[in-house]
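Report on the following structure.
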Amino acid sequence: MRKYCFLLLACVMAAALRAQTLHVCVGQVTYQIPAAQAGDMVYANGTTLTILDKTFALADIDSMYVDNTAVTDNAVAVVYNGTTAQVRVAGNVMQYLSEVSVNGAHVAIVQRDDLASEITYTLSGTSANGSFYMDGSYKASLVLSDLTLTCADSAAVNIENGKRINIDIEGTCTLSDSEASGGKGTMMVNGHSEITGSGTLNLYGYAKHAFWGDEYVQVKKSMTGAINVRYAAKDGFNVNQYYEQNGGSLTISGTLDDGIQVAADDEETGYVNIQGGSLDINVTGAGVKGIKADGSITIDDEKASPTVTIVNSGTGTWDSDDSEVKGAACMSSNAHITIGGGTITLTATGNGGKGLKCDSVLTITDGALTVTTSGKQYVNMGGTTVYDGTYTGSFDNLADAYSSAPKGIKVGIKADDNNGTAVGDILISGGTVSVTCTGKQEGSEGIESKNTMTISGGTVAVNTYDDAINTASNLYISGGAVTAGASNND
């Protein structure tokens, strides 16, 4: 071995003049060191070889060879092939990876804390029993390139790194987990996700969510590709901090819970901003939301004119934690909703379903909003569904906690449920608002405000069975064109 190493080192030094590359192969991992970068290579005690401050145990090295392969600095490539995976690590960053392990087609990489330059990890190939795990304290880029990856016991892709992670989608990629997975999603990102690329990513989350982000998720304006959630046992996208879409195409269907759910981790997060691209959501579960935000929802054309289409066929459901009925909704915010552009189409077909719902202020300044509901009343008495579209009597004396009425737009919280103070203003100064409620039953209302409504511009057209426009306080109309028709009430 001693003679072999001396000869190899001599060959590498000579090869440097010809700009060749030294390959050090350790199991399924190959470290690729351009000869011009190799510098002094230290062979010590007959047991170790140190190159670029990375020390290899000679017993772990399967082979070393020199060829003309070009190496891209700051790059790690993972190629999946059935039950195995091959990893190639650029020599200039190999010393900053404290762990590079491969078990079959399961790859785990950990960056050292002293890493000071961004590494790009490119995943490609196919495995029905593989995964990728990465952790570290410095930002990174992840390229998914014609990747098909299924993992049985964890996320297919798990990025525990809490920094900014740029995700580039190229070609056609599919990620899946299984019902036995212990992960929070088939794709998990602990840091800030910024998504771009021209490819297509298909996600199947059989255990929980399809995509889980512990911090913000941003679909960049530069994205021209598509993300398709095909199945999720829970939410399609489950996000903390905020979700922002400025380009690309996101389609969500086959979920058993919300399409997009965004939770707040402080008073300034929990919001959704859609300023470009297309968003198409179809959800069916009882009490679920197409978009559910702890914070505000904003849709405008600041980046590009977005298209948002949400269909919700879910009915109401009994929430045992809060001891009340929760209705399904296409779009729901615990704070404000602001629409300043784009084309938004919301369709709720289930009993008790709503098109748009927010607890504070709805502001519409521009854009085209079309809301259609076709469901009837949903009533549940403490966990037992007693009415789901067949009763023809009155619900005047029924406690709100036990029922959910179908409404096109519902804004605010009435005084009795908010310490004696009603909230829920609606402000319409532009754009086009069209609401149609065809449930033909009490409660099938068009636009409802728990406080005041002010229309100063735009075009508002409401056609319902029950009240077309209903406010708990004052209604002000100082401009715009308003058409309101109800076949059985105000």
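Numbering (our numbering), first residue to last: 15 to 504. Idealized CB from N, CA, C, for every residue including glycine.
Using the beta-carbon count (16 or more within 10 Å), is K17 buried or exposed? Legend: pLDDT at K17 = 41, less than 50; position of this residue unreliable, value from coordinates given subsequently. Classification for K17: exposed.
Could you give the distance in angstroms between the alpha-carbon of I469 and the alpha-carbon of V375? Rounded to whole angstroms, the gap between the alpha carbons of I469 and V375 is 13 Å.
Would you decide whether A24 is buried or exposed? Buried here means 16 or more other CB atoms lie within 10 Å of its CB. Any reading at A24 must be qualified, since the residue scores a pLDDT of 47, below 50, and its modelled position is unreliable; no value is offered.
Measuring CB to CB, does A170 end up less than 9 Å from D149? Contact check for A170 against D149 fails: the beta carbons are separated by 9 Å or more.
Is the separation between the beta-carbon of N465 and that of G426 shorter than 9 Å? Closer than 9 Å, so yes.
Does DSSP classify D74 as helix, strand or coil? Reduced to three states, the DSSP call for D74 is helix.
Do you know offhand how far G494's Cα is from I378's? Cα-Cα distance, rounded: 12 Å.
Let's see if you can read the secondary structure: which residues bound the alpha helix (DSSP H) around Q391? From DSSP, Q391 is part of no alpha helix (DSSP H); its letter is neither H nor E.
Helix, strand or coil: how does DSSP classify I313 here? DSSP places I313 in strand when its eight states are reduced to three.
If distances are taken between C-alpha atoms only, which option among D271, Q46, D308 and P320 comes closest to V233? Taking only the C-alpha atoms, the option nearest V233 is P320.
Identify every residue that forms a DSSP beta bridge with E132. Per DSSP, E132 has no beta bridge partner at all.
Quick check on this structure: which residue in A73, S138 and V107 has the alpha carbon closest to the alpha carbon of V92? The shortest CA-to-CA distance from V92 to any of A73, S138 and V107 is the one to S138.
Grab the span of the alpha helix (DSSP H) containing A224 for me, first residue to last. DSSP places A224 in no alpha helix (DSSP H) but in the uninterrupted beta strand (DSSP E) bounded by H223 to G227.
Hey, is the region 358-368 in contact with the region 432-444, meaning 3+ C-beta pairs nearer than 8 Å? Taking 8 Å as the limit for Cβ pairs, the verdict is that the region 432-444 does not touch the region 358-368.
Need the endpoints of the beta strand (DSSP E) that A307 sits in, please. Unbroken beta strand (DSSP E) run through A307: K303 to A307.
Does the region 451-466 come close enough to the region 476-491 that 3 or more CB-CB pairs lie under 8 Å? With a cut-off of 8 Å on Cβ pairs, the region 476-491 is in contact with the region 451-466, counting three or more such pairs.
Within 10 angstroms of the Cβ of M15, are there 16 or more other Cβ atoms? Answer buried if so, exposed if not. Low local confidence applies: a pLDDT of 43 at M15 is under 50, so the model's placement there is unreliable, and no value is given.
Simplified DSSP assignment, three categories, for A50: The answer is helix: DSSP assigns A50 an H, G or I state.
Counting C-beta neighbours from all protein chains within 10 Å, is the total for L21 16 or more, i.e. buried, or is it exposed? In this predicted model, L21 has a pLDDT of only 44, less than 50, meaning its place in the structure is not dependable; the value taken from the coordinates is given anyway. With fewer than 16 other Cβ atoms within 10 Å, it is exposed.
Straight-line Cα distance separating Q100 from M27: Any reading at M27 needs caution, since the residue's pLDDT is 48, under 50, leaving its predicted position unreliable; the model's value is listed next. Take the alpha-carbon of M27 and the one of Q100: they are about 27 Å apart.
Straight-line Cα distance separating D315 from S263: If you take the alpha carbons of S263 and D315, they lie about 15 Å apart.
Going by DSSP, what residues sit across from Q259 in a beta bridge? DSSP output for Q259 lists V233 and I288 as bridge partner(s).
Under a three-way DSSP split, which group does N143 fall into? In the three-state reduction of the DSSP assignment, N143 falls in the coil class.
Within a Cβ cutoff of 6 Å, which residues of the same chain sit near G309, ignoring the five residues on either side of it in sequence? Counting only Cβ-Cβ distances below 6 Å, and skipping sequence neighbours, we find A278, G284, Y285 and A349.
Closest to Y257 by CA distance: which of N394, M467 and I288 is it? The candidate whose alpha carbon is nearest that of Y257 is I288.
With a threshold of 16 other CB atoms inside 10 Å of the CB of G499, please say whether the residue is buried or exposed. By the 10 Å Cβ count, G499 comes out exposed.
Do you know whose CA, among I440, G273 and K340, lies nearest G219's CA? The residue with the shortest Cα to Cα distance from G219 is G273.
What is the DSSP secondary structure of G493, counted as helix, strand or coil? Note: G493 maps to strand in three-state DSSP.
Note down, in chain order, each residue of its chain lying with its Cβ closer than 6 Å to the Cβ of Y135, except the 5 sequence neighbours on either side. Hits under 6 Å: V90 and L156.
Beta-carbon contacts of V114 that lie in its chain and below 7 Å, excluding the five residues immediately before and after: So the qualifying residues of the chain are V43, V101, V103 and I123.
Helix, strand or coil, according to DSSP, for V375 in the structure here? Assigned with DSSP and collapsed to three states, V375 falls in coil, not helix or strand.
So, at 6 Å on beta carbons, what are the nonlocal neighbours of G354 in its own chain, with the 5 sequence-adjacent residues on each side left out? The residues are D314, T379 and D380.
Between the alpha carbons of T188 and V116, how many angstroms are there, rounded? Roughly 21 Å between the two C-alpha positions.
Reduced DSSP category for A170 - H, G, I as helix; E, B as strand; rest coil: Under the three-state reduction of DSSP, A170 is assigned to coil, being neither helix nor strand.
Would you report the Cα separation of A307 and T298, rounded to the nearest angstrom? Per the coordinates, the alpha-carbon of A307 lies some 18 Å from the alpha-carbon of T298.
Between which two residues does the beta strand (DSSP E) holding R178 run? Looking at the DSSP string, the run of the beta strand (DSSP E) that includes R178 is R178 to E184.
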